[in-house]
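In terms of my numbering, the sequence shown opens at residue 0 and continues consecutively. Beta carbons are placed, not taken as given, at the ideal position from N, Cα and C, and that holds for glycine.
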Amino acid sequence: KQLNPPEKLGDILVKMGYITEKDLVRCLGEQWGVPFIDLNDLTPDPEALKLVSQETARRYKVMPIERKNGRLILAMKDPLDIFAIDEIRLMTGVEIEPMIAIEEDIIKSIGNHYRSDAKVSQVVNKVISELETGEINFTTADQQEEDISIEQLKELSEEAPVVRLANLIISRAVAEKASDIHIEPAKDMLKVRYRVDGIMRDALALPKKLQASLISRIKIMAEMDIAEKRAPQDGRIGATIDGKPYDFRVSTLPGIFGEKIVLRVLDKSSITIGLNKLGLLPETLEKFETLIARTYGIILVTGPTGSGKSTTLYSVLSKLNSGEKNILTIEDPVEYEMSGITQTQVNNKAGMTFAAGLRTMLRQDPNIIMVGEIRDAETAIIATEAALTGHLVLSTLHTNDAPGAVTRLIDMGIEPFLIASSVIGVLAQRLVRTICPKCKEQYKPPIDAVKRLGINIEPGAEVTFYRGRGCDNCKGIGYKGRIGIYELMIVSDRIRDLILKKESAHVIRAAAIEEGMKTLKDDAIEKILLGTTSLEESLRVIYSG
0 KQLNPPEKLG
10 DILVKMGYIT
20 EKDLVRCLGE
30 QWGVPFIDLN
40 DLTPDPEALK
50 LVSQETARRY
60 KVMPIERKNG
70 RLILAMKDPL
80 DIFAIDEIRL
90 MTGVEIEPMI
100 AIEEDIIKSI
110 GNHYRSDAKV
120 SQVVNKVISE
130 LETGEINFTT
140 ADQQEEDISI
150 EQLKELSEEA
160 PVVRLANLII
170 SRAVAEKASD
180 IHIEPAKDML
190 KVRYRVDGIM
200 RDALALPKKL
210 QASLISRIKI
220 MAEMDIAEKR
230 APQDGRIGAT
240 IDGKPYDFRV
250 STLPGIFGEK
260 IVLRVLDKSS
270 ITIGLNKLGL
280 LPETLEKFET
290 LIARTYGIIL
300 VTGPTGSGKS
310 TTLYSVLSKL
320 NSGEKNILTI
330 EDPVEYEMSG
340 ITQTQVNNKA
350 GMTFAAGLRT
360 MLRQDPNIIM
370 VGEIRDAETA
380 IIATEAALTG
390 HLVLSTLHTN
400 DAPGAVTRLI
410 DMGIEPFLIA
420 SSVIGVLAQR
430 LVRTICPKCK
440 EQYKPPIDAV
450 KRLGINIEPG
460 AEVTFYRGRG
470 CDNCKGIGYK
480 GRIGIYELMI
490 VSDRIRDLIL
500 KKESAHVIRA
510 AAIEEGMKTL
520 KDDAIEKILL
530 GTTSLEESLR
540 VIYSG
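So this is what it looks like as structure tokens:
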């Protein structure tokens, strides 16, 4: 059993029913010399809850219990996690006394005792209670996955409690402004997590017995085949929540504990359009507005998925949209509908790819073309041809910084002379969380963190750093909303010469900085000193890509 596939002995014994999860965790505590704590029916001290934010509790799977003799008693999933202990000790200013607890109990306790989660937790517990007292009852996870017929699954997924639970998960994600919903089967539970402001956070821990019915419910809503569990599927859910229309792009992925489902939340009304609302510093904004006023050339916006590239492109289109110009877009998907612009959706089955759409658009007498993403050499070549024939082309690439866009195009097989003569500028960007204005406070960050970001403080100079303490407004997180940090590279004659010589991104970057380019780090430092974001948040975003 331990060898095929490899599993820990304790996990095998729990799975086979010889011991309980509680027995296993208690034994691990004895082995590590850490006391076990049962969180069921235990009420943490409210003063202890104030010391550790909800976000920190979720991130490290910890629950503050009480402050005693100058030490904070902390229930932990992993009491050997010295990084978690050190961070919480620095945040609270008190020594930590770790205790071991069951992970599912910790997640439930966070939901029950942190105020922003307590109401939702009550609703979920009621739904679970109704399901457990229903006619269909599962005794083990194996029975749930293997012994239920498709007819039973359909019947169960349409029961009122299951429908309410699915609706609750989706509506709560919308209320918390989540960009993605993750429904993740684990070995002994079903986890629900939300991505909010770019950060994954635990939302719910559900009994394993609800897995089949809940996942089937989501698949039915997305018009998927509930009988197909071994192959990935894609679907879509349309819903109106609080009077606003939402689209959810649904994806399933088979895993060893069951199908994982991810729902991407698309709220077309939430996109903030306007260059002056993106967080561009005045100097960068002025240069960028001059760049987009050009009548031909390629302007690229780069960054990882979820870094706000689409919002930037829509803001550019909004600025350029006038009755004097013919603007066309090819997108996957169309995230925001704009009047006065012809927007086209990619449809691979119908042959409407980025390249095919772009080629067709060149016969539509355009002034400006927006291509959602340059994914391949064919699209890149057509884009350069469009730019060289007098069109302004806007698009995105996945690169870490602005100079990296040049080397990415070369790697695609695009000739350097085409890049040098067509690309006129590259804007790299990331999103950082902004400090909650309701609980913003001054503090002194660790000196090594200041040095790591390269902030040079003159001797005797007064520099103030800010962070969010955590409050009801930000649900105890300390952050509310996000803003961009940017790196704008203008393709000058010098940069053009370096591209023609096939110089590395490092050489191009050095030249751009000499010509006045502010790097992502420079932009982040300015926003830290302005009190817009925190030092820790900037380090997280810049060094995680």
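- Task: Would you identify the three-state DSSP class for I219, choosing helix, strand or coil?
- Result: Looking at I219 - three-state DSSP - the assignment turns out to be helix.
- Message: With H, G and I counted as helix, E and B as strand and the rest as coil, what does DSSP make of G296?
- Response: DSSP places G296 in the strand class (E or B) of the three-state scheme.
- Query: So, do the region 186-201 and the region 240-248 have three or more beta carbon pairs nearer to each other than 8 Å?
  - Reply: No, the region 186-201 does not touch the region 240-248.
- Item | Simplified DSSP state of I106, which is helix, strand or coil | Note: I106 maps to helix in three-state DSSP.
- Might you give, ordered along the chain, the residues of its own chain that have their beta carbon closer than 8 Å to the beta carbon of A354, omitting 5 neighbours on each side? Result list for A354: D375, E377, T378, I381, in chain order.
- Given that a residue counts as buried once 16 or more other Cβ atoms are within 10 Å of its Cβ, and exposed if not, what is F287? Per the 10 Å Cβ criterion, buried.
- Inter-residue spacing [alpha-carbon to alpha-carbon] between L50 and D44: Whole-angstrom Cα-Cα distance: 10 Å.
- Task: Just grab the DSSP bridge partners of E394 for me.
- Result: Per the sequence shown, the amino acid found at residue 394 is Ser instead of Glu. DSSP lists L299, V370 as partners of S394.
- If you pair each beta-carbon of the region 434-446 with each one of the region 460-475, do three or more pairs fall below 8 Å? With the cut-off at 8 Å, the region 434-446 and the region 460-475 touch.
- Inter-residue CB distance, M98 and M75 (contact presumed, cutoff 8 Å): Sure, about 7 Å apart at Cβ, within 8 Å.
- Quick one: Cα of L529 to Cα of R235, how far? Those two C-alpha atoms are separated by around 41 Å.
- Can you tell me whether DSSP reads E457 as helix, strand or coil? Coil at E457, not helix or strand.
- Task: Specify whether the region 468-483 and the region 402-417 touch according to this definition: at least 3 beta carbon pairs, one from each stretch, less than 8 Å apart.
- Result: Contact between the region 468-483 and the region 402-417 is not established, with fewer than three Cβ pairs separated by less than 8 Å.
- Message: Less than 6 Å between C-beta atoms, sequence neighbours within five positions excluded: which residues of the same chain meet that for R229?
- Response: For R229, where only same-chain residues beyond five positions count, the Cβ hits under 6 Å are P253.
- When you compare only the Cα positions, how much space is there between K450 and A460? Distance between the alpha carbons of K450 and A460 is about 15 Å.
- Is there at least one non-hydrogen atom of the ligand SAM closer than 8 Å to the beta-carbon of V425? Among the ligands in the structure shown, none appear at all, so the ligand SAM cannot be discussed.
- Alpha-carbon to alpha-carbon, M223 and G552: Only positions 0 to 544 of the chain appear in this structure, which leaves residue 552 out of reach.
- Less than 9 Å separating the beta-carbons of D77 and V173? By the CB criterion at 9 Å, D77 and V173 fall outside the cutoff.
- Task: Taking 9 Å as the cut-off, decide whether the C-beta atoms of M488 and V425 are in contact.
- Result: For M488 and V425, yes; Cβs fall inside 9 Å.
- Item | V261 versus Q53 - alpha carbon distance | C-alpha of V261 to C-alpha of Q53: approximately 23 Å in a straight line.
- Message: Taking only three categories from DSSP, how would you classify N320?
- Response: Coil.
- In three-state DSSP terms, what is A238? In the three-state reduction of the DSSP assignment, A238 falls in the strand class, which pools E and B.
- Item | Beta-bridge partners of T311, as assigned by DSSP | Here T311 is not bridged, per DSSP, to any residue.
- Straight-line Cα distance separating S215 from I225: If you take the alpha carbons of I225 and S215, they lie about 6 Å apart.
- Item | For E20, the first and last residue of its enclosing alpha helix (DSSP H) | It spans 20-31 - the alpha helix (DSSP H) in which E20 sits, taken as one unbroken run.
- Message: Which residue wins for smallest C-alpha separation from N320, given the options S338, E330, T304, S309?
- Response: Of S338, E330, T304, S309, the residue nearest in Cα terms is S338.
- Using a threshold of 9 Å, state whether the C-beta atoms of I180 and L189 are closer than that. No, the pair does not count as a contact, with Cβ atoms beyond the cut-off.
- Which term fits P332, buried or exposed, when burial requires 16 or more other beta carbons within 10 angstroms of its beta carbon? By the 10 Å Cβ count, P332 comes out exposed.
- Message: Taking a contact to mean a Cβ-Cβ separation below 9 Å, would you say P303 touches R429 in this structure?
- Response: Closer than 9 Å, so yes.
- Could you check what DSSP says for E86 in three-state terms: helix, strand or coil? Reduced to three states, the DSSP call for E86 is helix.
- Tell me whether the beta-carbon of E514 lies closer than 9 Å to the beta-carbon of R493. Taking a C-beta distance under 9 Å as the contact criterion, E514 and R493 qualify as a contact pair.
- Would you report the Cα separation of L12 and D22, rounded to the nearest angstrom? Distance between the alpha carbons of L12 and D22: 10 Å.
- Query: Looking at C-alpha atoms only, which residue of L387, A523, S394 is the closest neighbour of V300?
  - Reply: With distances taken between Cα atoms, V300 lies closest to S394.
- Could you please give me the residues that DSSP links to K228 through a beta bridge? None, per the DSSP bridge assignment.
- Message: Along the chain, where does the beta strand (DSSP E) containing D179 start, and where does it finish?
- Response: Its beta strand (DSSP E) spans residues 177-184.
- Item | Between the CA atoms of E336 and S491 - distance to the nearest angstrom | Taking the straight line from one Cα to the other gives about 34 Å.
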